[in-house]
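For the numbering used here, count along the sequence shown from 1 and bump the result up by 13.
Here a beta-carbon is modelled for each residue, glycine too, at the ideal position from N, C-alpha and C.
Just so it is clear, the structure is predicted and the values come from calculations on it, not from any experiment.
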Amino acid sequence: MNRASWETSRHEEFRTRVRDVLRNVVLPHADRWEEQGHPDPSAWKLLAEEGLLARGHRGEAFLESAILLEELGRTGYAGVRAGVGVHAYMATSYLDMFGTPAQKEAYLEPARRGERLAALAITEAEAGSDLSRLGTRARRRDGGGLLVDGEKLYVANGTQASFFVTLVRTRDDTATAHGLTGASLLLIDADSPGVHRTGQRMLGWRSADISKVVFEDVVVPEDRVLGRWDRALMHVVQGLDFERLAAGLLAVGGVAHCLELLNAHIRRRRVKNMPLYGHQAVRHAFAELTADHELVTQYGRHAALLHSRGELDSRTATVLKLKATELAVQAAHVCLQFHGAQGCLDESTAARLYRDASAGTIAAGASELLRDLV
Ligand SMILES: Cc1cc2nc3c(=O)[nH]c(=O)nc-3n(C[C@H](O)[C@H](O)[C@H](O)COP(=O)(O)OP(=O)(O)OC[C@H]3O[C@@H](n4cnc5c(N)ncnc54)[C@H](O)[C@@H]3O)c2cc1C
14 MNRASWETSR HEEFRTRVRD VLRNVVLPHA DRWEEQGHPD PSAWKLLAEE GLLARGHRGE
74 AFLESAILLE ELGRTGYAGV RAGVGVHAYM ATSYLDMFGT PAQKEAYLEP ARRGERLAAL
134 AITEAEAGSD LSRLGTRARR RDGGGLLVDG EKLYVANGTQ ASFFVTLVRT RDDTATAHGL
194 TGASLLLIDA DSPGVHRTGQ RMLGWRSADI SKVVFEDVVV PEDRVLGRWD RALMHVVQGL
254 DFERLAAGLL AVGGVAHCLE LLNAHIRRRR VKNMPLYGHQ AVRHAFAELT ADHELVTQYG
314 RHAALLHSRG ELDSRTATVL KLKATELAVQ AAHVCLQFHG AQGCLDESTA ARLYRDASAG
374 TIAAGASELL RDLV
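See the structure below:
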């Protein structure tokens with residue numbers, strides 16, 4: 014793989030260090046985390062001690078984040094990469110962009126130190142691709158503060174999170190309750206009375222702690238409103254570009270892992286007196302994926318550079334997320350196919366990659382929605 018145009022020797026050293034840390038902190042435990050549904054709480058501290066939960070969300074510092082996101086993908090565990098991605102980037106980016114100094118001190122800094130785990134609670138049963146159907150509500154409460162009621166689904170880090178960056182409806186009148194008005198972002202502490210959470214076992218991403226989170230008369234102080242009251246969907250649109258950039262970079266790394274696995278397998282496995290690699294059909298399928306991966310990797314690194322300069326546009330973020338996650342599905346399918354029955358074993362790596370890939374084209378914007386946006 015060619016280096017990114019912006020990658021210096023310092024970046025290369027960082028990539029090597031990240032790879033080593035993930036090899037030591039994540040890989041020996043990741044299968045167990047898949048079983049238990051979430052990383053060990055101690056892993057967050059270890060990642061933080063290595064500085065991996067506090068890399069920049071913008072400016073030149075984001076280039077290191079782009080490397081970290083790719084390398085998280087390259088672990089091959091989409092559940093782990095989603096949990097870390099949501100904590101260190103997708104949820105905390107809202108704090109970074111819109112948080113007050115007091116909110117940053119109470120939530121963002123402890124998150125960077127691995128002391129408080131972050132989750133992003135946006136999706137609901139009726140509000141996934143279509144956020145205008147948002148049902149969770151916050152009302153002003155007699156005696157001060159807000160009262161929150163509603164139910165969020167598919168929340169990564171859900172049962173383990175210390176706080177939720179939560180999207181709620183804050184204006185009820187039907188004339189204004191649609192589109193980009195009438196919603197706000199709130200910081201809700203997970204240990205608040207009335208917060209109930211239950212793990213949701215998914216097809217893939219099993220270590221991402223995907224959960225249902227119910228808010229039942231939860232009292233939230235006024236100073237936990239994140240960003241502008243009633244104007245959150247404007248923030249979410251901005252947040253989604255960043256989320257799609259991060260999701261795209263994670264998927265780029267995921268495809269790299271899948272192709273490494275496939276490459277090793279087709280060189281090792283012999284059929285008709287030669288390695289699978291000797292068969293043209295296999296070689297060409299591998300070459301096709303490798304070529305597409307090269308393109309999407311360079312596009313992802315270009316998108317990261319644009320973001321670091323404050324020039325990332327929605328279209329680039331959308332194209333990256335669409336193409337990288339769809340390539341992950343194709344790669345996982347080919348990888349499984351060339352593993353034969355061995356790839357169909359539930360515990361095989363090829364099977365896990367196949368299961369994990371399908372959620373990538375749904376989370377953070379389904380492919381069909383992204384095509385509409387493009
Ligand atoms: C593994 C995983 C992790 C997730 N993590 C989080 C999280 O941490 N926090 C959170 O808030 N949410 C999370 N989500 C939810 C995710 O953001 C939603 O699944 C996504 O927004 C799609 O919403 P939906 O599932 O309700 O699908 P729906 O909106 O019901 O759409 C169903 C299908 O309809 C099709 N479709 C949608 N729009 C269009 C269109 N415009 N044209 C044609 N077809 C269309 C697509 O095929 C789509 O998959 C996660 C989801 C998954 C699968």
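query: When you compare only the Cα positions, how much space is there between Gly-267 and His-70?
result: Straight across, the Cα-Cα distance linking Gly-267 with His-70 is about 21 Å.
- request: Return yes when the Cβ of Glu-77 is within less than 8 Å of the Cβ of Phe-27, no when it is not.
  value: Going by C-beta atoms, Phe-27 is nearer than 8 Å to Glu-77.
- prompt: Could you give the distance in angstroms between the alpha-carbon of Glu-401 and the alpha-carbon of Glu-381?
  reply: Beyond the ends of the chain as shown, which are 14 and 387, falls residue 401; an answer cannot be given.
- prompt: Terminal residues of the continuous alpha helix (DSSP H) containing Lys-336?
  reply: Per DSSP, the continuous alpha helix (DSSP H) segment holding Lys-336 begins and ends at 327-352.
task: Rounded to whole angstroms, what's the CA-CA distance from Lys-165 to Leu-275? Just pull it up for me.
output: Roughly 37 Å between the two C-alpha positions.
task: Compute every distance between the C-beta of Asp-143 and the non-hydrogen atoms of ligand 1, then say whether any falls below 7 Å.
output: Relative to ligand 1, the beta carbon of Asp-143 is positioned inside 7 Å of a heavy atom.
query: For ligand 1, is there a heavy atom less than 7 Å away from the beta-carbon of Ala-174?
result: Checking every heavy atom of ligand 1 against the Cβ of Ala-174, none is found closer than 7 Å.
query: Since Ser-371 contacts Leu-159 with CB under 8 Å, what's their CB separation in whole angstroms?
result: In fact, because the Cβ distance is near 37 Å, the residues do not count as touching under 8 Å.
field: Residue range of the alpha helix (DSSP H) that includes Thr-303
entry: Segment 293-321, the alpha helix (DSSP H) holding Thr-303.
Test item: CB-CB of Gly-64 and Leu-85 under 8 Å: No, these two residues do not count as a Cβ contact at 8 Å.
- prompt: Taking the beta strand (DSSP E) that Gly-163 falls in, what are its first and last residues?
  reply: From DSSP, the beta strand (DSSP E) with Gly-163 extends over 159-168.
message: Along the chain, where does the alpha helix (DSSP H) containing Thr-83 start, and where does it finish?
response: Per the sequence shown, the amino acid found at residue 83 is Glu instead of Thr. For Glu-83, the enclosing alpha helix (DSSP H) begins and ends at 75-87.
- request: With hydrogens ignored, establish whether the beta-carbon of Trp-218 is closer than 7 Å to any heavy atom of ligand 1.
  value: Yes; taking the cut-off as 7 Å, the Cβ of Trp-218 has a heavy atom of ligand 1 nearer than that.
query: What residues in its chain sit with their C-beta under 6 Å from that of Asp-202, if we drop five residues either side in the sequence?
result: Hits under 6 Å: Phe-176.
Euclidean distance between Cα positions of Glu-229 and Val-161: Taking the straight line from one Cα to the other gives about 7 Å.
C-beta contact flag for His-88 and Leu-130 at 8 Å: One point to set straight first is that residue 88 is Thr, not His, in the sequence displayed. At least 8 Å separates the beta-carbon of Thr-88 from that of Leu-130.
message: Contact criterion: CB-CB distance below 8 Å. Does Val-181 meet it with respect to chain C?
response: Going by chain labels, chain C is absent from the structure shown, which holds only one protein chain.
message: Going by DSSP in three states, Thr-105 sits in which element: helix, strand or coil?
response: Three-state result, Thr-105: helix.
- request: List the DSSP bridge partners of Gly-212.
  value: Answer is Ser-224, bridged to Gly-212.
query: Beta-carbon separation of Leu-258 and Leu-340 under 8 Å?
result: A distance of 8 Å or more separates the beta carbons of Leu-258 and Leu-340.
- prompt: Excluding the five sequence neighbours on either side, which residues of its own chain have a C-beta within less than 6 Å of the C-beta of Ala-330, listed in chain order?
  reply: Sequence-distant Cβ neighbours of Ala-330 in its own chain, meaning closer than 6 Å and more than five residues away, are Asp-254, Arg-257 and Leu-258.
message: Quick check: is any heavy atom of ligand 1 less than 7 Å from the C-beta of Ala-7?
response: Because the chain is modelled from 14 through 387, residue 7 falls outside the range shown and cannot be assessed.
Of the residues Cys-357, Arg-365 and Ala-304, the one placed nearest Met-14, counting alpha carbons only: It is Ala-304.
message: Just verifying my parser: in three-state terms, what is the DSSP assignment at Arg-153?
response: Per DSSP, reduced to three states, the secondary structure at Arg-153 is strand.
task: Might you give, ordered along the chain, the residues of its own chain that have their beta carbon closer than 6 Å to the beta carbon of Ala-337, omitting 5 neighbours on each side?
output: Only Gly-261, Ala-264, Val-265 and Val-309 meet the Cβ criterion.
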